[in-house]
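A quick write-up on the structure given underneath.
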Amino acid sequence: GAVVSQHPSWVICKSGTSVKIECRSLDFQATTMFWYRQFPKQSLMLMATSNEGSKATYEQGVEKDKFLINHASLTLSTLTVTSAHPEDSSFYICSALRTGGGYEQYFGPGTRLTVT
Amino acid sequence: GQSLEQPSEVTAVEGAIVQINCTYQTSGFYGLSWYQQHDGGAPTFLSYNALDGLEETGRFSSFLSRSDSYGYLLLQELQMKDSASYFCAVSAYSGGYNKLIFGAGTRLAVHP
């Protein structure tokens, strides 16, 4: 199989603090990972594309200084929400492309962030 | 830009067949995928069509017509556990990367 994990699965933080979310491919290497955000009853919105060893590519309207992405190895990408505010409360989901494996993205279980 | 349209809600009874349509406008199109998502969970991959035609996987089938920019997901022998949101997603080459762009999703409610 192709398993992707996320940690933490849920987090509550105070406004103004930063939160780091990890995305790991457990049994395969992933040169490319993606970060999505999903508000209740809405679709998944692509935030950024993360490539191992290079800077992430952010979608239009996503603040790169607020959502810091690091893809330091072929199995780990991290998303840090800096100076979080209540409007950042959402479900954050990562996915990974198996290196050399084609089109299918393998999704992590998601991280629910609540900012109080 | 990229856009996808699919119905917001569909209701059906157990054992029935339901078809969820998806139309798209995109550049750099590679293929059309379908994902299932239960409330509170992550999306799970159902199918992928890169070429015209029908792909069958058990109770689920997916169809693509590239010339019409149209596809559908067909669910047969519906079960209660099929109640979920279904998203079509376009694989498109954009900005140097092959990305997935999701539709707004169709909430399927299966009743006894």
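Note that the protein sequences, when read in sequence, are chains X and B.
Going by our numbering, the first sequence wraps up at 116, each residue one higher than the last.
Going by our numbering, the second sequence wraps up at 1112, each residue one higher than the last.
Backbone N, C-alpha and C fix where the C-beta goes; we use that ideal spot for every residue, glycine too.
Can you say whether residue i is buried or exposed, counting buried as having 16 or more other CB atoms within 10 angstroms of its CB?
{"i": "residue 88 of chain X", "result": "buried"}
{"i": "residue 1039 of chain B", "result": "exposed"}
{"i": "residue 24 of chain X", "result": "buried"}
{"i": "residue 65 of chain X", "result": "exposed"}
{"i": "residue 108 of chain X", "result": "buried"}
{"i": "residue 1093 of chain B", "result": "exposed"}
{"i": "residue 123 of chain X", "result": "Because chain X spans 1 through 116 in this model, residue 123 of chain X falls outside it and cannot be assessed."}
{"i": "residue 1059 of chain B", "result": "exposed"}
{"i": "residue 1110 of chain B", "result": "buried"}
{"i": "residue 41 of chain X", "result": "exposed"}
{"i": "residue 1089 of chain B", "result": "buried"}
So for residue i, helix, strand or coil by DSSP?
{"i": "residue 1005 of chain B", "result": "strand"}
{"i": "residue 87 of chain X", "result": "helix"}
{"i": "residue 93 of chain X", "result": "strand"}
{"i": "residue 1106 of chain B", "result": "strand"}
{"i": "residue 112 of chain X", "result": "strand"}
{"i": "residue 1016 of chain B", "result": "coil"}
{"i": "residue 1023 of chain B", "result": "strand"}
{"i": "residue 1011 of chain B", "result": "strand"}
Using 7 Å as the limit for Cβ to Cβ distance, is residue i near chain B?
{"i": "residue 93 of chain X", "result": "yes"}
{"i": "residue 22 of chain X", "result": "no"}
{"i": "residue 109 of chain X", "result": "yes"}
{"i": "residue 43 of chain X", "result": "yes"}
{"i": "residue 63 of chain X", "result": "no"}
{"i": "residue 105 of chain X", "result": "yes"}
Determine, using beta carbons only, whether residue i comes closer than 7 Å to chain X.
{"i": "residue 1112 of chain B", "result": "no"}
{"i": "residue 1029 of chain B", "result": "no"}
{"i": "residue 1060 of chain B", "result": "no"}
{"i": "residue 1045 of chain B", "result": "yes"}
{"i": "residue 1109 of chain B", "result": "no"}
{"i": "residue 1042 of chain B", "result": "yes"}
Counting only runs of 3+ residues fully inside the stretch 1025-1098 of chain B, write out the beta strand (DSSP E) ranges in chain order. 1029-1037, 1044-1049, 1053-1057, 1060-1065, 1070-1075, 1084-1094
Short of 9 Å Cβ to Cβ, which residues in the stretch 1080-1106 of chain B face chain X? 1085, 1087, 1089, 1091, 1095, 1096, 1097, 1098, 1099, 1100, 1101, 1102, 1103, 1104, 1105
Unbroken stretches of the beta strand (DSSP E), 3 residues or longer, contained in the stretch 2-86 of chain X: 4-7, 10-13, 19-25, 32-38, 45-51, 67-73, 76-81
Closer than 7 Å, Cβ to any Cβ of chain B: which residues of the stretch 45-56 of chain X, in chain order? 46, 49
Identify each residue in the stretch 1016-1028 of chain B for which the Cβ-Cβ distance to at least one residue of chain X is less than 7 Å, and report them in chain order. none
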